[in-house]
Amino acid sequence: MQPSVSVTDPHDFSTHWRKPPNFRMQVPFDYLFLPAIDILDHIRRDDEVRFTVLGEDDWAVRMERTAAFRTAPVEEIATWPFRLVHFNLARFYGELLAGFQEEVMVPWRTYLSAQGFTWQRCAPILFLSTEGAASTYHNDNSHGLVWQVQGVKTFHSYHNPDRHLSPEAAVLGETTAEDPPPHAKADRQSVTMQPGDQLWNHALTPHWVTTESPLALSVTLSHGGLCRRGRYADRELALRNHWDKNPDEAWTLDLGHTRY
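Numbering (my numbering), first residue to last: -6 to 253.
Written out as structure tokens, the structure reads:
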């Protein structure tokens, strides 16, 4: 089942961004990525990359592949079930992602500012995975503009997240698990994303992602503290209230649920 809303007019974004469910977007970024396998070959060697080798009931096989992930031939790596994430893409703006800051991040931030938005953090996150791999079941403390770059993934959430996880429970991290809890299929919002497709994922909404192609690359523009003309998104108010009561925890929660 696909989301009922698709934001194609830029001005519609300010109407829909505050409340779930997730919705498709069409932001015409003018940026050409390198092939996914080339990005994988480069980024897997970086000290800050995080990856999990999946599949294979044999624990020893997974451990052997984990140890070899950075050095084995990349064509072999691409046949293993794995998920990979990198949270600090600014490290690659001068090489692997040359021009990304100027062609993606600056235009997007300029658009947000022109629409009356402010934020405390706006940064890209890169995801790579192979067919059959799935992310954890989790929620993010930030809004995400999910951009499917190469390959195919399906982004799963709920039409009404409140029925499955309250904002207050999401703030406390009661979501993170390998698999989603039992739920009615009719409650699920599953959006299959082809190359070039985009989706807005609301802060503090539970979700999980499955990979449907041999190798898939996506980039999420993550927005912390997104606010428009003094108003936060409805579910994010729970995060703000929590921080008002626990000021020593402010922003530490961003670091607490980065499992992938």
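Positions of the beta carbon are idealized from the N, C-alpha and C atoms, including for glycine. No experiment lies behind these values; they were computed from the predicted model shown.
Whole-angstrom distance between residue j and residue i, CA atom to CA atom
i     : j    : result
F120  : Q182 : 21 angstroms
P(-4) : T111 : The pLDDT assigned to P(-4) is 47, lower than 50, so where the model puts this residue is not dependable, and the model offers no usable value.
Y104  : P13  : 22 angstroms
Q108  : R102 : 10 angstroms
W52   : R58  : 10 angstroms
L232  : N134 : 8 angstroms
Q94   : P117 : 10 angstroms
G223  : Q113 : 13 angstroms
P160  : H152 : 15 angstroms
L90   : S150 : 29 angstroms
L97   : F6   : First, the amino acid is wrong: residue 97 is Val here, not Leu. Those two C-alpha atoms are separated by around 17 angstroms.
Q191  : L25  : 15 angstroms
R228  : E242 : 18 angstroms
L268  : N239 : The structure shown does not extend to residue 268, since the chain is modelled only from -6 to 253, so the question has no answer here.
Y86   : T168 : 33 angstroms
H176  : T204 : 20 angstroms
N132  : P154 : 11 angstroms
T72   : I32  : 15 angstroms
S128  : G166 : 16 angstroms
S106  : E69  : 44 angstroms
L77   : A179 : 30 angstroms
N81   : E88  : 14 angstroms
V54   : T64  : 16 angstroms
A162  : D237 : 16 angstroms
G92   : T45  : 29 angstroms
Simplified DSSP state of residue i, which is helix, strand or coil
i    : result
Y104 : helix
F6   : helix
W112 : coil
L165 : coil
T231 : For clarity, residue 231 is Ala in the given sequence; the question names Thr instead. A231: helix per DSSP, three-state reduction.
V0   : strand
P160 : helix
V145 : coil
P117 : strand
H216 : strand
W236 : helix
L33  : helix
A126 : coil
V202 : strand
A226 : coil
V139 : strand
V184 : strand
Cβ separation of residue i and residue j, assumed to be a contact under 8 angstroms, to the nearest whole Å
i    : j    : result
V164 : H235 : 5 angstroms
G125 : L208 : Not really, about 12 angstroms apart at Cβ, beyond 8 angstroms.
D34  : V67  : 4 angstroms
Cβ-Cβ distance between residue i and residue j below 8 angstroms
i    : j    : result
A170 : A196 : no
V202 : T123 : no
P199 : V142 : no
H79  : E49  : no
N15  : V212 : no
W193 : W10  : yes
P173 : Y130 : yes
F62  : R37  : yes
L219 : H157 : no
L210 : A83  : no
L138 : M56  : no
L47  : F22  : no
C115 : L230 : no
Residue i at chain D interface by Cβ criterion, 8 angstroms
i   : result
L90 : Absent here is chain D; the protein component of the structure consists of one chain.
Discussion item. To test your reading of the DSSP string, which unbroken alpha helix (DSSP H) runs of 4 or more residues are found completely within the stretch 37 to 96?
Written reply: Runs found: 52 to 61, 67 to 70.
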